[in-house]
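J.: This note's numbering applies: residue 40 is where the sequence shown begins, and numbers increase by one. Here it is, the structure, as structure tokens.
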Amino acid sequence: MPQTTTLRKKAVKKALVVEDEGEMGLLLNIFIDERKLELDYVKDLLSAQDYLEKEQPAIIILDNKLPDGFGVDFINYIKKKHPLVKIIMISGFSSVRDVALENGADVFLEKPFTRDQLHEAINDLLPTL
């Protein structure tokens, strides 16, 4: 009887990007494509809320200024419903750093940020990746 080996696929962790600017979304996709993360992308907070009703990402990259509100206000919702999800807040305004971190963001990256800064943040938050 031939011997068969079953290879288990390593579970791929999901990342959700909440960003309304297409260029930034594309850049994040390029940066994250090098990682073992399955990337999902939404453009507003309502879509993010709908997504989180169905999926449990390991990490969320959250822009602050979105068409239907501010990411800093959405952090509380994420942390209440999904306390294990890690959040990287991104914004072009450094003035929201303190509010984002106080509300529960794990990392704040000011735009423009580098691929290395993003990778370092992901490594710190998801060291087993």
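No residue lacks a Cβ here, since even glycine has one placed at the ideal position from N, Cα and C.
Span of the alpha helix (DSSP H) holding residue 119?
T.: Counting from one through the sequence shown, the residue named residue 119 turns up at place 80. Here the alpha helix (DSSP H) through residue 119 covers 110–120.
J.: So, for residue 59: in the same chain, excluding its five sequence neighbours on each side, which residues have a beta-carbon less than 6 Å away from its beta-carbon?
T.: Here residue 59 refers to the residue found at position 20 of the sequence shown. Here the set comprises 82, 105 and 106.
J.: Where do the N-terminal and C-terminal ends of the alpha helix (DSSP H) with residue 76 fall, by residue?
T.: Residue mapping note: residue 76 aligns to position 37 of the sequence shown, counting from 1. It is not in any alpha helix (DSSP H) - residue 76 instead sits in the beta strand (DSSP E) that spans 76–81.
J.: In angstroms with no decimal places, state the Cα-to-Cα distance between residue 11 and residue 146.
T.: This structure cannot speak to residue 11, because the chain is shown only from 40 to 168.
J.: Assuming residue 164 contacts residue 125 under a Cβ cut-off of 8 Å, what Cβ separation, rounded to an integer in Å, is found between them?
T.: The sequence position of residue 164 within the sequence shown is 125, counting from 1. The sequence position of residue 125 within the sequence shown is 86, counting from 1. Yes, residue 164 and residue 125 are in contact; Cβ-Cβ is about 4 Å, under 8 Å.
J.: Just to confirm the assignment, what range does the beta strand (DSSP E) spanning residue 54 have?
T.: Working through the sequence shown from its first residue, we reach residue 54 at position 15. It spans 52–57 - the beta strand (DSSP E) in which residue 54 sits, taken as one unbroken run.
J.: Mapping the DSSP letters down to three states, classify residue 141 as helix, strand or coil.
T.: Indexing the sequence shown from 1 puts residue 141 at position 102. The answer is helix: DSSP assigns residue 141 an H, G or I state.
J.: How should residue 102 be labelled, buried or exposed, when 16 other C-beta atoms within 10 angstroms of its C-beta is the threshold for buried?
T.: As a first step, residue 102 is located in the sequence shown; it is residue number 63 there, counting from the start. Buried is the call here.
J.: Would you call the CB atoms of residue 51 and residue 78 closer than 8 Å?
T.: Mapped onto the sequence shown, residue 51 falls at position 12. Mapped onto the sequence shown, residue 78 falls at position 39. Cβ atoms of residue 51 and residue 78: not closer than 8 Å.
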